[in-house]
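Notes for the one structure printed next.
2 protein chains.
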Amino acid sequence: MARLEQAITSIVDVFSEYASSDCKLNKQELKKMMEKEVQSPELKAKICSGDGDNIPWKLDRNLDRELDFKEFMNGVTTMAKCYYQKKTEIRLHRGLDPHFKACSGFMK
Amino acid sequence: MARLEQAITSIVDVFSEYASSDCKLNKQELKKMMEKEVQSPELKAKICSGDGDNIPWKLDRNLDRELDFKEFMNGVTTMAKCYYQKKTEIRLHRGLDPHFKACSGFMK
Numbered sequence: 001m002a003r004l005e006q007a008i009t010s011i012v013d014v015f016s017e018y019a020s021s022d023c024k025l026n027k028q029e030l031k032k033m034m035e036k037e038v039q040s041p042e043l044k045a046k047i048c049s050g051d052g053d054n055i056p057w058k059l060d061r062n063l064d065r066e067l068d069f070k071e072f073m074n075g076v077t078t079m080a081k082c083y084y085q086k087k088t089e090i091r092l093h094r095g096l097d098p099h100f101k102a103c104s105g106f107m108k
Numbered sequence: 001m002a003r004l005e006q007a008i009t010s011i012v013d014v015f016s017e018y019a020s021s022d023c024k025l026n027k028q029e030l031k032k033m034m035e036k037e038v039q040s041p042e043l044k045a046k047i048c049s050g051d052g053d054n055i056p057w058k059l060d061r062n063l064d065r066e067l068d069f070k071e072f073m074n075g076v077t078t079m080a081k082c083y084y085q086k087k088t089e090i091r092l093h094r095g096l097d098p099h100f101k102a103c104s105g106f107m108k
């Protein structure tokens, strides 16, 4: 399967596995998912609330203390941006791609 | 590597591979990516403009005729929602999870 499609279906499958039948992640389900499905502390920190015990209010747009699929995808985007920024900075730092500098402004 | 993290890093890697040095996808790069990295016609239709030759204006928020990473991630979310909705409907249809009905309202 093509890589982008495989990544997308994998993200949906992970959500479906951990979200209970109401198609939302409560805080226990989110905690279990993040423990098992994300290893990088840096990415975890983007999603998990300070005490790691609550649903991060930044993602819980409707404040129902659960994450629906749309809110979950906002979290995926947040983690992807974090990883992308790190990857871009590494390339800049190693001078792998000098004209890559144009990217540094992307995170505005 | 944990599945969610692997999917996220794969998405970033695909973007970085196809985006030229200005960290944006022009229409040729997007077209090449979608041809190779997404097989499902249904998912492709969500991202590719009608004639498949232009950057879909719905994603090109700043109308610069290119997709930066943030705009690209909006496209990934659109495809993920499409796949999620299909997967949820299949489960409903097969009665696999009768109380899954609660999900059908998610796409509001």
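Keeping their order, the protein sequence lines are chains G and W. Going by full-length UniProt numbering, the first residue of the first sequence is number 1, and it counts up by one from there. Going by full-length UniProt numbering, the first residue of the second sequence is number 1, and it counts up by one from there. Every residue gets a Cβ at the ideal spot worked out from N, C-alpha and C, and that includes glycine.
Query - As assigned by DSSP and simplified to three states, the class of residue 4 of chain W - result: helix
**Report entry** Own chain residues within Cβ distance below 6 Å of residue 79 of chain W, not counting five before or after
**Finding:** 43 and 46
Query raised in the report: Just to confirm, are residue 54 of chain W and residue 27 of chain W a CB contact at a threshold of 8 Å?
Result: yes
Report task. From the DSSP output, in three-state form, read off residue 67 of chain W for me. Result -> strand
Query raised in the report: DSSP three-state call for residue 59 of chain G: helix, strand or coil?
Result: coil
Query - Own chain, CB closer than 8 Å to residue 38 of chain W, minus 5 neighbours either side, in chain order - result: 44, 47 and 79
Query raised in the report: If you draw a straight line from the alpha carbon of residue 72 of chain W to that of residue 6 of chain W, how long is it in whole angstroms?
Result: 18 Å
Requested in this report: Step through the CB atoms of chain G and report whether any lies within less than 8 Å of the CB of residue 90 of chain W.
Outcome: no
Query raised in the report: Are the C-beta of residue 46 of chain G and some C-beta of chain W separated by less than 8 Å?
Result: no
Requested in this report: Can you grab the Cα-Cα spacing for the pair residue 90 of chain G / residue 81 of chain W, in whole Å?
Outcome: 31 Å
**Report entry** Residue ranges of each alpha helix (DSSP H) within the stretch 8 to 43 of chain G, 4 or longer
**Finding:** 27 to 37
Query raised in the report: Does residue 32 of chain W have its Cβ less than 8 Å from a Cβ in chain G?
Result: no
Query raised in the report: What whole-angstrom Cβ distance do residue 140 of chain W and residue 76 of chain G have, given they're in contact under 8 Å?
Result: Outside the shown range of chain W, which is 1 to 108, sits residue 140 of chain W, and nothing can be said about it.
Report task. Taking only heavy atoms of the ligand PLP into account, decide whether any of them is closer than 7 Å to the Cβ of residue 41 of chain G. Result -> The ligand PLP is not part of this structure, which contains no ligands at all.
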